[in-house]
Amino acid sequence: MLRRYFKVWWMLAVAWTQIAFSSRFGLIAFSLGKILRFVFFFLFLVILMTKTKNIAGYTFWQVILFYATFNLLDTAAQFLWREVYRFRRYVNSGSFDYFLVKPISPLFRALFGGTDIMDFFVFLISIGFVVYSIMQIGSFSIYSIFIYILLVFNGLIIAMAFHILILVVGILSTEVENVIWLYRDLSTMARVPIDVYKEPVRSLLIFAIPLGVMMAFPVKAFLSLLSWQFIAYAFIVSFVMIFVSLWLWKYALREYSSASS
Amino acid sequence: MLLEKFLWGPINDPLLLSITLGNSRFKLIMIFKKYLAIIKISLLSVMAYRLSFLMWRIRTIFTFLTIFYFWSSVIPQNNSLFGYSHSQMLTYVFGITIIGIFVFSSSTNSVGEEINDGNLSNFLLKPINYFSYWLTQDLGDKIVNLAFTIIELLILFLLLRPPIFLQKDLVTILLTVFAGLIAAITYFFINMLMGFIAFWNPEIWAPRFIFFVLLGFFAGQYFPLDILPKPVFEFFQLLPFAYLLYFPVKVYLGQLVFGQVVQGFAVGIGWSIVIFFIMIFVWKRGLRSYSAQGR
Chain A
31 MLRRYFKVWW MLAVAWTQIA FSSRFGLIAF SLGKILRFVF FFLFLVILMT
81 KTKNIAGYTF WQVILFYATF NLLDTAAQFL WREVYRFRRY VNSGSFDYFL
131 VKPISPLFRA LFGGTDIMDF FVFLISIGFV VYSIMQIGSF SIYSIFIYIL
181 LVFNGLIIAM AFHILILVVG ILSTEVENVI WLYRDLSTMA RVPIDVYKEP
231 VRSLLIFAIP LGVMMAFPVK AFLSLLSWQF IAYAFIVSFV MIFVSLWLWK
281 YALREYSSAS S
Chain B
2 MLLEKFLWGP INDPLLLSIT LGNSRFKLIM IFKKYLAIIK ISLLSVMAYR
52 LSFLMWRIRT IFTFLTIFYF WSSVIPQNNS LFGYSHSQML TYVFGITIIG
102 IFVFSSSTNS VGEEINDGNL SNFLLKPINY FSYWLTQDLG DKIVNLAFTI
152 IELLILFLLL RPPIFLQKDL VTILLTVFAG LIAAITYFFI NMLMGFIAFW
202 NPEIWAPRFI FFVLLGFFAG QYFPLDILPK PVFEFFQLLP FAYLLYFPVK
252 VYLGQLVFGQ VVQGFAVGIG WSIVIFFIMI FVWKRGLRSY SAQGR
């Protein structure tokens with residue numbers, strides 16, 4: 031079954047890539063815009079760190095690692111789940127009905143049906159920056175690399191749960207755009223170490239809207255700044271979020287009424 | 002009902018109005034009513050989707066809080082960095098939020114889609130100036146956004162109690178308002194220009210995306226531009242972006258000397274005029290190639 035779903039994903043990803051390439055101007059402009067966005071904020075951090083030796087106690091390369099990890103997770107989420115941004119159109123037009131009658135999971139189709147090749151370039155750049163900043167920080171162990179990678183995947187699971195919740199809101203209220211941009215705006219708070227924020231904002235990012243768990247915990251664990259209790263908490267959060275989001279998805283499907291296809 | 006007709010009848014009755022006020026005044030009132038209706042529709046359409054509106058307001062608040070807390074941490078109280086004290090930087094953050102809302106809330110993002118859909122034809126046939134129509138729509142948008150932002154910032158100010166600087170000099174306040182108006186008009190021209198790309202290429206969001214990315218960095222949305230190295234800052238001052246956000250806030254902070262204020266206004270107004278003429282030129286060229294596709 032996994033092979034079948036991978037085949038479907040690949041087919042849809044190739045189709046959307048072909049659509050992206052059909053407008054080379056759009057492809058180049060969007061890709062350039064995403065790269066510029068990455069570079070500009072990086073330059074801002076460089077300028078800032080020339081005058082201040084640390085931000086919230088973190089050195090330059092530690093701050094860059096936070097930023098690179100944020101970009102890694104952010105672009106991975108956009109690359110995999112770009113279809114969520116188009117979901118409102120499907121619900122409004124009734125095309126979502128066709129998702130429901132096909133012999134694959136409608137959730138899979140709604141989540142993974144529109145891979146965005148334009149985010150792939152920044153994704154690769156982010157990986158490069160993660161590796162380079164880890165090398166610059168130095169003094170790391172196999173364990174710290176392992177826990178970092180594990181928590182990055184954990185972060186991706188939390189991101190997927192967020193996207194499923196956005197789909198749920200899309201079915202129940204057709205309001206997707208502002209919800210997804212609210213998620214994106216909130217997640218940009220994790221571009222810098224979340225220790226920058228005072229209470230109660232910091233606790234909000236860890237306990238209420240676990241974007242801090244998603245984006246900051248991998249780096250903190252790598253830097254041995256995260257206790258085993260918080261590492262366990264991170265995995266519990268992802269498990270609970272996925273469980274709740276899937277339950278809500280099933281509820282939303284029961285409540286769904288077609289706009290007529 | 003009869004009393005209402007007696008009192009307001011002349012205002013609503015075109016024939017009576019033209020007789021009582023004369024032709025030119027009557028025309029002025031009718032034009033005023035036309036654009037007032039556009040503002041009303043703009044206000045109503047913003048409030049039509051309440052959940053969407055609520056989400057949008059929450060986004061504005063969180064965007065503000067992100068930058069506010071970031072700079073609060075980077076420049077703690079009784080410290081300074083890049084020539085900004087804690088209080089000045091937080092005032093800058095408040096300033097860019099208010100000025101940003103006034104300058105950047107615009108419905109002209111839809112111009113490109115209108116051209117792509119062929120709906121521009123409706124406006125070309127109507128007795129309404131296309132630019133005045135959008136300017137009036139913008140005004141409606143700005144009124145709603147500014148009103149809510151001021152209320153939100155007031156609440157945040159009472160909760161957070163930041164030590165922000167309140168300008169007391171009336172001349173400086175008036176200059177800030179004037180700088181904000183120039184910024185709003187310049188941004189309107191730029192946005193219309195971005196929309197006119199649709200006359201030649203249906204892909205309108207890609208160049209707009211790059212523009213927003215450049216705007217965030219070059220307009221001083223995340224940091225005051227004068228923290229940049231001097232040659233870089235001087236280059237930024239030659240571009241129109243600095244006058245959309247950074248310059249009005251600097252005027253408010255009173256950190257510019259007279260010569261810098263004059264220079265800033267000169268460059269800002271200059272760019273406004275240049276972009277206006279480019280916009281008109283592109284509009285006329287665009288109309289020649291417009292084919293109302295989609296209609």
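Note that the protein sequences, when read in sequence, are chains A and B.
Counting from 1 along the first sequence, just add 30 to a position and that's the residue number in our numbering.
Counting from 1 along the second sequence, just add 1 to a position and that's the residue number in our numbering.
Beta carbons are placed, not taken as given, at the ideal position from N, Cα and C, and that holds for glycine.
Linking residue 129 of chain B to residue 32 of chain B through their CA atoms gives a straight-line distance of about 9 Å.
According to the DSSP secondary-structure assignment, residue 82 of chain B is paired through a beta bridge with B:85. Contact annotation: residue 181 of chain B and residue 103 of chain B have beta-carbon atoms nearer than 8 Å. At a cut-off of 8 Å, the C-beta of residue 57 of chain B has a neighbouring C-beta in chain A. Counting only Cβ-Cβ distances below 9 Å, residue 162 of chain B has no contacts in chain A at all, with the closest Cβ about 13 Å away. Within chain B, the residues placing a beta-carbon under 8 Å from that of residue 215 of chain A are 60, 63, 64, 67, ordered along the chain. Residue environment: residue 251 of chain B is assigned as buried (16 or more neighbouring CB atoms within 10 Å of its CB, all protein chains considered). Contact check between the stretch 126 to 137 of chain A and the stretch 89 to 106 of chain A: fewer than three CB pairs, one atom from each, fall below 8 Å, which does not count as touching. In this structure, DSSP gives residue 134 of chain A a state outside helix and strand, which the three-state scheme calls coil. Note that the stretch 215 to 228 of chain B touches the stretch 66 to 84 of chain A; at least 3 beta-carbon pairs, one per stretch, sit closer than 8 Å. Membership of residue 108 of chain B in any alpha helix (DSSP H) is not indicated, and neither H nor E is assigned to it by DSSP. Listed in chain order, the alpha helix (DSSP H) elements of length 4 or more contained wholly in the stretch 137 to 224 of chain B are 171 to 196, 206 to 219. Against chain B, a Cβ distance below 7 Å from residue 253 of chain A picks out nothing, because the smallest value is about 18 Å. At a cut-off of 8 Å between beta-carbon atoms, residue 227 of chain A makes contact with chain B. Listed in chain order, the beta strand (DSSP E) elements of length 3 or more contained wholly in the stretch 65 to 131 of chain A amount to none. Secondary structure of residue 228 of chain A (DSSP, three-state): coil. Shown here is that no member of the stretch 108 to 124 of chain B has a Cβ falling below 8 Å from a Cβ of chain A. Straight-line measurement puts the Cα of residue 258 of chain A at about 17 Å from the Cα of residue 172 of chain A. Annotation: residue 184 of chain A to residue 209 of chain B spans about 34 Å, alpha carbon to alpha carbon. Neighbours of residue 70 of chain B in chain A, taken as residues at a C-beta separation under 7 Å, are given in chain order as 226, 227, 228, 231. Taking C-beta separations shorter than 8 Å and ignoring five residues to either side along the sequence, the partners of residue 255 of chain B in its chain run 168, 170, 173, following chain order. Using a CB distance below 7 Å, the part of the stretch 34 to 57 of chain B facing chain A consists of 52, 53, 56, 57, ordered along the chain. Residues of chain A with a Cβ closer than 8 Å to the Cβ of residue 223 of chain B are, in chain order, 71, 74. Close partners of residue 81 of chain A in chain B (Cβ separation under 7 Å): 82, 83.
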